[in-house]
Amino acid sequence: MLKGTVTRIAVVLYFFGCASSYGQSSFDFYQEPILYQTATDDNPLSRLRDALESGSVELAHDSTRGFLTSILKVLDIPVNTQALVYSKTSLQLRPINPSTPRALYFNDEVYIGWVPGGDRLEFIAADPNLGSVFYSMRQDTAQPRMVRDKGECLQCHANRRTKEVPGPLVRSLYTSASGQPVYNFGNFLSDHTSPLSERWGGYYVTGTHGDMLHMGNIFVSRDADIEAIDFSKGANRLTLSRNINTARYPTDTSDIAALMVLEHQTQMQNLITKAIYEERRADHYDQAFKLDTNGGSDFTKRRIARSTEELLRYMFFVDEFKLSAPITGTSMFSRDFSQRSPRTQQGQSLYQLDLNTRMFRYPMSYMVYSNTFKHLGIKSKTLLYKRIGEVLSNTMSEKDAMTFAHLTKELKQSLRTILRETHPELGPLMSEIP
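Residues 19 to 452 in this note's numbering are what the sequence shown lists, from first letter to last.
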């Protein structure tokens, strides 16, 4: 009896995020039911690791970029997603500076970080069971090995900025000419709700954006007057040749449109992970206390509802920053991304960029096609799909009408058509909406 009581107390402490005296990590996802550090990973990088170990896949190595070029090809990551970061905000601090920025590349499931002269590649993979999982690969070897992180990356990649789950993020920091962040001026988390004036500090940015200003391409000294910083000096930059030797990189851009998509995707990924975690924790809680598991207890229903509603708002771009000038990148990223499938018979797609007044032509996240989204728990998915149907109906509640006022009747019709023709689970639900 005493043993069972102690177990239940421990579960309560864990579930409410309290510190316990059981020697457990400060990251509650190390514990049951997530078991982040010990559970088996299953994602594109873990499968590549296994393929490298078995010899079924080989990576080519070159003296300039190591395994980067080969691994981009193997993982089908477009070079034009390149984002260049000159702030020293990576584990590889020493080689990063404004002359040799770190390069980031991404697709829907994998992010890669590479620094010229760095000793390793850094990776994040979206894992349907664990959320985001971190890896590295040494560059100074003829035998590539994908090594899973033991927790070092989580010091920056698991906190309130990532929704308290392991995940990617885009931070914007005032940065000095040496690449050191100038923390006394503050910093920002970037996603699609962020004003451009708070984005891309410590990043190079190529592309045009009219009279809207951002923090990219600017160096700030610690004793500067923040009110006197001239952000126009970093605006509408078409080339980086004055700052870096672009020949060292796979491409010569740090495309503004790619950066905007990256920002949206990282936080969307974290909200999906949060919803997955919350349902598993809720089920674990109910099972530990032998509560009603037919749909869950009232407490866990509320917890799942909160994470689901947060995901719903984000995926429909509620509170998105409104563009006051057109955005134009300097690579083929916008064209290539907009042409992705799936598409309707009329060519409509959630991947189509707008970049005139908002980011996407049809404001619903393309991440509904992602593998992690498919693996949402049944309770979260059932509730989320119900709410999507309500939002896209023409008879939404007064509260929803205010929250989702940006979704015009025409946009809702287009979104229903896109989902009906392209999404195997949401499609049938759209057919039921009058």
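All residues carry an ideal CB built from backbone N, CA and C; glycine is no exception.
Exercise. Which residues in the same chain have their Cβ closer than 8 Å to the Cβ of tyrosine 54, if we skip the five residues on either side of it in sequence?
Worked result: Here the question's residue 54 lines up with position 36 in the sequence shown. The answer, listed in chain order, is Phe45, Phe47, Tyr48, Leu148, Gly149 and Pro184.
Exercise. Going by alpha carbons, who is nearest to asparagine 254 out of Tyr303, Gly225, Thr390 and Ile89?
Worked result: The residue labelled residue 254 in the question sits at position 236 within the sequence shown. For asparagine 254, the nearest C-alpha among the options comes from Gly225.
For this session: Out of Leu371, Ala242 and Phe339, state which residue places its alpha-carbon closest to the alpha-carbon of aspartate 354.
Result: What you label residue 354 is simply residue 336 of the sequence shown in a count that begins at 1. Measuring from the Cα of aspartate 354, the nearest candidate turns out to be Leu371.
Exercise. In its own chain, which residues sit with a C-beta less than 8 Å from the C-beta of histidine 175, not counting the 5 before and 5 after it?
Worked result: Within the sequence shown, the letter at position 157 stands for residue 175. Excluding positions up to five away in sequence, the list reads Ile142, Ser150, Phe152, Pro184, Gly185, Pro186 and Leu187.
For this session: Would you list the one or two residues that DSSP bridges to aspartate 80?
Result: Taking the sequence shown and counting its residues from 1, one reaches residue 80 at position 62. Gly84.
Exercise. Excluding five sequence neighbours on each side, which residues of the same chain lie with their C-beta closer than 8 Å to the C-beta of proline 51?
Worked result: Looking up residue 51 in the sequence shown gives position 33. When the five nearest sequence neighbours on each side are left out, the beta carbons in the same chain lying within less than 8 Å of the beta carbon of proline 51 are those of Arg298, Arg299, Asp301 and His302, in order along the chain.
Problem set entry | Closest residue to threonine 190 among Phe391, Glu328, Tyr222 and Asp243 (Cα-Cα distance) | What you label residue 190 is simply residue 172 of the sequence shown in a count that begins at 1. First, the amino acid is wrong: residue 190 is serine here, not threonine. In terms of Cα proximity to serine 190, the closest of Phe391, Glu328, Tyr222 and Asp243 is Tyr222.
Exercise. Among Arg376, Phe422, Gln364 and Asp418, which has the Cα closest to the Cα of threonine 435?
Worked result: One-based indexing of the sequence shown puts residue 435 at position 417. Distance from the Cα of threonine 435 is smallest, within the candidate group Arg376, Phe422, Gln364 and Asp418, for Gln364.
Problem set entry | Helix, strand or coil at proline 446 [DSSP, three-state] | Numbered from 1 along the sequence shown, position 428 holds the residue referred to as residue 446. Here proline 446 sits in helix by DSSP.
Problem set entry | Inter-residue Cα distance where the pair is serine 39 and tyrosine 295 | As a first step, residue 39 must be located in the sequence shown, where it is residue number 21. As a first step, residue 295 must be located in the sequence shown, where it is residue number 277. Low confidence applies here, because serine 39 scores a pLDDT of 30, under 50, leaving its location unreliable; read the following figure in that light. Roughly 23 Å separates the two Cα atoms.
Exercise. Where asparagine 261 and aspartate 209 are concerned, what is the direct C-alpha to C-alpha distance, given to the nearest angstrom?
Worked result: Reading the sequence shown from its first residue, position 243 is the one you call residue 261. Reading the sequence shown from its first residue, position 191 is the one you call residue 209. One C-alpha to the other measures close to 26 Å.
Exercise. So, helix, strand or coil for arginine 156, using DSSP?
Worked result: For this step, residue 156 is matched to residue 138 along the sequence shown. Assigned with DSSP and collapsed to three states, arginine 156 falls in strand.
Exercise. Would you call the stretch 338-349 and the stretch 370-386 in contact, with 3 or more CB pairs under 8 Å?
Worked result: Taking 8 Å as the limit for Cβ pairs, the verdict is that the stretch 370-386 does touch the stretch 338-349.
Problem set entry | Proximity of leucine 394 and phenylalanine 334 at Cβ, strictly below 9 Å | What you label residue 394 is simply residue 376 of the sequence shown in a count that begins at 1. What you label residue 334 is simply residue 316 of the sequence shown in a count that begins at 1. Result no, Cβ atoms of leucine 394 and phenylalanine 334 do not sit closer than 9 Å.
Exercise. Can you tell me whether alanine 121 is buried or exposed, with buried defined as 16 or more other CB within 10 angstroms of its CB?
Worked result: Residue numbering aside, residue 121 sits at position 103 when the sequence shown is read from its first letter. Counting Cβ neighbours within 10 Å, alanine 121 comes out buried, since at least 16 surround it.
Exercise. Should the stretch 385-405 be called in touch with the stretch 314-329, which here means at least 3 C-beta pairs below 8 Å?
Worked result: Remark: three or more beta-carbon pairs, one from each stretch, lie closer than 8 Å, so the stretch 385-405 and the stretch 314-329 are flagged as touching.
Exercise. Any heavy atom of the ligand MN within a distance shorter than 8 Å of the CB on arginine 112?
Worked result: For the structure depicted, the ligand MN is absent and the ligand set is empty, with no information on it obtainable.
For this session: Assign valine 183 to one of three DSSP states: helix, strand, or coil.
Result: Against the sequence shown, residue 183 aligns to sequence position 165. The answer is coil: DSSP assigns valine 183 none of H, G, I, E or B.
Exercise. Would leucine 111 be called buried (16 or more neighbouring beta carbons within 10 Å of its own) or exposed?
Worked result: The residue given as residue 111 occupies position 93 in the sequence shown. A residue is called buried once 16 or more other Cβ atoms fall within 10 Å of its Cβ, and leucine 111, having fewer, is exposed.
For this session: Please look up how many angstroms separate the CB atoms of asparagine 412 and glutamate 127, rounded, as I've assumed it's under 8 Å.
Result: Stepping through the sequence shown from its first residue, residue 412 is reached at position 394. Stepping through the sequence shown from its first residue, residue 127 is reached at position 109. Wrong, their Cβ atoms sit about 35 Å apart, outside the cutoff.
Exercise. So, are the CB atoms of threonine 269 and glutamine 157 less than 9 Å apart?
Worked result: Taking the first residue of the sequence shown as 1, we reach residue 269 at position 251. Taking the first residue of the sequence shown as 1, we reach residue 157 at position 139. No; because the gap between Cβ atoms is not below 9 Å, this pair is not in contact.
For this session: Along the beta strand (DSSP E) that carries tyrosine 123, what are the first and last residues, could you check?
Result: Your numbering for residue 123 matches position 105 in the sequence shown. Tyrosine 123 -> beta strand (DSSP E) spans 120-124.
Problem set entry | glycine 314 versus leucine 447: straight-line alpha-carbon distance, rounded | Residue numbering aside, residue 314 sits at position 296 when the sequence shown is read from its first letter. Residue numbering aside, residue 447 sits at position 429 when the sequence shown is read from its first letter. Distance between the alpha carbons of glycine 314 and leucine 447: 24 Å.
Problem set entry | Exposure of isoleucine 406, with buried meaning 16 or more beta-carbon neighbours within 10 Å | Along the sequence shown, read from residue 1 onward, the residue named residue 406 stands at position 388. By the neighbour-count rule (16 or more Cβ atoms within 10 Å), isoleucine 406 is buried.
For this session: Determine the direct distance from the alpha carbon of glycine 131 to that of proline 237, and round the result to whole angstroms.
Result: Within the sequence shown, numbered from 1, the residue matching residue 237 stands at position 219. Within the sequence shown, numbered from 1, the residue matching residue 131 stands at position 113. The amino acid occupying residue 237 in the given sequence is phenylalanine; proline does not appear at that position. So the two alpha carbons sit approximately 22 Å from each other.
For this session: Assign arginine 138 to one of three DSSP states: helix, strand, or coil.
Result: Residue mapping note: residue 138 aligns to position 120 of the sequence shown, counting from 1. Shown here, arginine 138 sits in a strand according to DSSP, grouped into three states.
Exercise. Since tyrosine 403 is in the alpha helix (DSSP H), which residue starts that stretch and which ends it?
Worked result: Within the sequence shown, the letter at position 385 stands for residue 403. Counting along the chain, the alpha helix (DSSP H) containing tyrosine 403 begins and ends at 396-409.
Problem set entry | Three-state secondary structure (DSSP) of arginine 240 | Position 222 of the sequence shown, counting from 1, holds the residue named residue 240. Note: arginine 240 maps to coil in three-state DSSP.
Problem set entry | Three-state secondary structure (DSSP) of serine 150 | Numbered from 1 along the sequence shown, position 132 holds the residue referred to as residue 150. Strand at serine 150.
Exercise. Just checking my contact of serine 367 with arginine 358 at CB under 8 Å: how many whole Å lie between their CB atoms?
Worked result: Taking the sequence shown and counting its residues from 1, one reaches residue 367 at position 349. Taking the sequence shown and counting its residues from 1, one reaches residue 358 at position 340. Between the beta-carbon of serine 367 and that of arginine 358 there is about 7 Å, and that keeps the pair under the 8 Å contact cut.
Exercise. Given 8 Å as the limit, is there contact between the stretch 198-215 and the stretch 272-284, that is, 3 or more CB pairs closer than that?
Worked result: Yes, since at least three Cβ pairs between the stretch 198-215 and the stretch 272-284 fall closer than 8 Å, the two stretches touch.
Exercise. If leucine 437 and leucine 444 are in contact, beta carbons under 8 Å, what's the gap, nearest whole angstrom?
Worked result: For this step, residue 437 is matched to residue 419 along the sequence shown. For this step, residue 444 is matched to residue 426 along the sequence shown. Contact flag correct, Cβ pair sits at about 4 Å.
Exercise. Straight-line CA distance for leucine 139 to glycine 234?
Worked result: Position 121 of the sequence shown, counted from the first residue, corresponds to residue 139. Position 216 of the sequence shown, counted from the first residue, corresponds to residue 234. Rounded to whole angstroms, the separation of the alpha carbons of glycine 234 and leucine 139 is 24 Å.
Exercise. Is phenylalanine 45 helix, strand or coil when you go by DSSP?
Worked result: By 1-based counting over the sequence shown, the position of residue 45 is 27. Reduced to three states, the DSSP call for phenylalanine 45 is coil.
For this session: Assign serine 239 to one of two classes, buried (16 or more other C-beta atoms within 10 Å of its C-beta) or exposed (fewer than that).
Result: By 1-based counting over the sequence shown, the position of residue 239 is 221. The residue is exposed, with fewer than 16 neighbouring Cβ atoms inside 10 Å.
Exercise. What's the C-alpha gap between glycine 169 and glycine 136?
Worked result: Locating residue 169 in the sequence shown gives position 151, counting from the first residue. Locating residue 136 in the sequence shown gives position 118, counting from the first residue. Looking at the two C-alpha atoms, the distance is approximately 20 Å.
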